[in-house]
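Number of protein chains: 2
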Amino acid sequence: MLEQRDLQSFEENLPFWKRVTDQERQVLIDGTIRFTHAKGDIVHEDRNKCTGLLLVVTGQLRVYIISETGKEITLYRLFDRDVCILSASCLIRNITFDVHVMAERETTMLRIATDAYQQVGKSNPHVQDFTNQLVSSRFSDVMWVVEQVVFMSLDRRIAMHLLEQAAIAGEDSLSITHEAIARDLGTAREVVTRMLSRFQDDRLVSLSRGGITLVDRDALTALT
Amino acid sequence: MLEQRDLQSFEENLPFWKRVTDQERQVLIDGTIRFTHAKGDIVHEDRNKCTGLLLVVTGQLRVYIISETGKEITLYRLFDRDVCILSASCLIRNITFDVHVMAERETTMLRIATDAYQQVGKSNPHVQDFTNQLVSSRFSDVMWVVEQVVFMSLDRRIAMHLLEQAAIAGEDSLSITHEAIARDLGTAREVVTRMLSRFQDDRLVSLSRGGITLVDRDALTALT
Numbered sequence: 000m001l002e003q004r005d006l007q008s009f010e011e012n013l014p015f016w017k018r019v020t021d022q023e024r025q026v027l028i029d030g031t032i033r034f035t036h037a038k039g040d041i042v043h044e045d046r047n048k049c050t051g052l053l054l055v056v057t058g059q060l061r062v063y064i065i066s067e068t069g070k071e072i073t074l075y076r077l078f079d080r081d082v083c084i085l086s087a088s089c090l091i092r093n094i095t096f097d098v099h100v101m102a103e104r105e106t107t108m109l110r111i112a113t114d115a116y117q118q119v120g121k122s123n124p125h126v127q128d129f130t131n132q133l134v135s136s137r138f139s140d141v142m143w144v145v146e147q148v149v150f151m152s153l154d155r156r157i158a159m160h161l162l163e164q165a166a167i168a169g170e171d172s173l174s175i176t177h178e179a180i181a182r183d184l185g186t187a188r189e190v191v192t193r194m195l196s197r198f199q200d201d202r203l204v205s206l207s208r209g210g211i212t213l214v215d216r217d218a219l220t221a222l223t
Numbered sequence: 000m001l002e003q004r005d006l007q008s009f010e011e012n013l014p015f016w017k018r019v020t021d022q023e024r025q026v027l028i029d030g031t032i033r034f035t036h037a038k039g040d041i042v043h044e045d046r047n048k049c050t051g052l053l054l055v056v057t058g059q060l061r062v063y064i065i066s067e068t069g070k071e072i073t074l075y076r077l078f079d080r081d082v083c084i085l086s087a088s089c090l091i092r093n094i095t096f097d098v099h100v101m102a103e104r105e106t107t108m109l110r111i112a113t114d115a116y117q118q119v120g121k122s123n124p125h126v127q128d129f130t131n132q133l134v135s136s137r138f139s140d141v142m143w144v145v146e147q148v149v150f151m152s153l154d155r156r157i158a159m160h161l162l163e164q165a166a167i168a169g170e171d172s173l174s175i176t177h178e179a180i181a182r183d184l185g186t187a188r189e190v191v192t193r194m195l196s197r198f199q200d201d202r203l204v205s206l207s208r209g210g211i212t213l214v215d216r217d218a219l220t221a222l223t
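Protein chains in written order, with numbering that gives the first Met the number 0: chain A, 0 to 223; chain B, 0 to 223.
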């Protein structure tokens, strides 16, 4: 059962909400559930399951792809008020790839079921518009990843990543593993460890068992 | 001035062509020119110029991105009857990246001007649908590139590339340079040269000044 605050989330974050009929709005509400995933949970795994449209109320989602051998690369992250469209990619013709979505913190979401969203999208062009704009945004996010992977050296990418993670965490002491950085950047753990050791030798970061602390933000920024 | 065969190209390759009004069709026709680019010509360079929608009549286009330092990676190629949408990306909200388009052979195209296409797209949802489906297709193409770059070893990528180029050329003797392969795959020429020398030592290909000949297709295929 949705609460008043959930309807407010819709109103504030779905630009089409004020442009659907009462009947369409009811279809969407009836097709929505609110649920919470613990940190580390897989939220969406396979596009054939077509989880639905996910509106993040609070929390953090990582959207990534994974190879046959288990190698990963992060495509983008979603935060409070963001909407995940690729978890409903079965709705979008010509999207032929699968993504995975994991909760990086405890995350509360509103999930609009695929059939409810599809039903309203068919009758209401504003909903269709919203879908298409989300697809284009994610396409742009992925192009940014392509540019980083192909055009940037790994020291630069790791420096950018550390600064970005510090901005997300709101502090300079990060509880992240070398493995997690490797998964984000689509590289091997050994390569990350080697680069971080070099950063430590250069007094840019300090490494501990529990994580990584940024020591010289200016020098890290200069690398990017 | 368009000819009868151009209208036939539209009818055969634009799925919305039969679902626009006579007036809309006239707007599109008035906004279209047929033109030919020589091999090697840059067809589209900057999304701000918003070249327009390009329908390839005959020829071959390479769509790629280029870094500040001039490094390139090919996103996809377009052949006869394909439509290039990213050359009209100014029409698509939330597409924030630029691509370049080059003619790899002499290429004849029909170009629908951005404003004509936009005008008809606003009034006709089938045109909008077509745009969105093209965007999703290209998004899927780019995800394929991401998977290749991040998950596949370079020997595998080069083997796949040689087989693909042989399929496009229709023969096993390819007039391509190591530099061109490097640009396609987003890597350095030296790296390609080293791998091709290894392929030659293993009797998979034979290298000459003019190009590369596939010698053992089965072994190349086994690599992929």
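All C-beta atoms, glycine included, are put in the ideal place defined by N, C-alpha and C.
In this text, all values refer to a predicted model and were calculated from it rather than measured experimentally.
Proximity below 8 Å, CB of residue i to CB of residue j
i: K75 (chain A); j: R137 (chain A); result: In the sequence as presented, Lys is not what sits at residue 75 (chain A); that position holds Tyr. Cβ atoms of Y75 (chain A) and R137 (chain A): closer than 8 Å.
i: S56 (chain A); j: L133 (chain A); result: The residue you asked about is not Ser; residue 56 (chain A) is Val in the sequence shown. No, Cβ-Cβ distance for V56 (chain A) and L133 (chain A) is not below 8 Å.
i: F150 (chain A); j: S152 (chain B); result: no
i: V148 (chain B); j: V19 (chain B); result: no
i: G51 (chain B); j: T113 (chain B); result: yes
i: V119 (chain B); j: L27 (chain B); result: yes
i: R202 (chain A); j: D217 (chain A); result: no
i: V204 (chain A); j: V141 (chain B); result: no
i: S139 (chain B); j: N93 (chain A); result: yes
i: L161 (chain B); j: L219 (chain B); result: yes
i: R104 (chain B); j: K38 (chain B); result: yes
Reference residue i; option with closest CA among the options
i: V99 (chain A); options: A:C49, A:Q117, A:V191; result: First, the residue type needs correcting, since residue 99 (chain A) is His and not Val in the sequence shown. Closest option to H99 (chain A), Cα to Cα, is A:C49.
i: L54 (chain A); options: A:S66, A:S8, A:V82, A:F34; result: A:V82
i: K70 (chain A); options: A:R155, A:V126, A:L184; result: A:L184
i: I72 (chain B); options: A:R155, A:L27, A:V145; result: A:V145
i: H43 (chain B); options: B:Q3, B:A102, B:I91, B:N93; result: B:A102
i: A221 (chain A); options: A:D171, A:A158, A:E163; result: A:A158
i: L90 (chain A); options: A:K121, A:T186, A:L77, A:R104; result: A:K121
i: Q116 (chain B); options: B:F9, B:D79, B:T186; result: Rather than Gln, the amino acid found at residue 116 (chain B) in this sequence is Tyr. The candidate whose alpha carbon is nearest that of Y116 (chain B) is B:F9.
i: V191 (chain A); options: A:I180, A:D200, A:K17; result: A:I180
i: D97 (chain B); options: A:R4, A:W143, A:F78, A:L77; result: A:W143
i: T223 (chain B); options: B:E170, B:Q3, B:D171, B:E163; result: B:E163
Local Cβ density within 10 Å of residue i, reported as buried at 16 or more and exposed below that
i: M278 (chain A); result: Nothing can be reported for residue 278 (chain A), as the shown portion of chain A is limited to 0 through 223.
i: R155 (chain A); result: exposed
i: I41 (chain B); result: exposed
i: G58 (chain B); result: buried
i: T68 (chain B); result: exposed
i: R182 (chain B); result: buried
i: S135 (chain B); result: buried
i: A168 (chain B); result: exposed
i: Q7 (chain B); result: exposed
i: G30 (chain A); result: buried
Contact belief for residue i with residue j at Cβ below 8 Å, rounded distance in angstroms
i: F15 (chain B); j: N131 (chain B); result: Their Cβ separation, rounded to whole angstroms, is 12 Å, which puts F15 (chain B) and N131 (chain B) out of contact at 8 Å.
i: F129 (chain A); j: L13 (chain A); result: 7 Å
Distance cut-off 7 Å: residue i Cβ against heavy atoms of the ligand ADP
i: Q147 (chain A); result: Ligands in the displayed structure: none, and consequently the ligand ADP is not present.
* Kindly confirm or deny that the region 83-95 of chain B and the region 20-39 of chain B touch, where touching means at least three C-beta pairs closer than 8 Å. => no
* To do: Report yes or no: do the region 166-179 of chain A and the region 207-215 of chain A share at least 3 C-beta pairs separated by less than 8 Å?
  => yes
* Count the C-beta pairs between the region 108-128 of chain A and the region 32-39 of chain A that are closer than 8 Å, then say yes if the count reaches three, no if not. => yes
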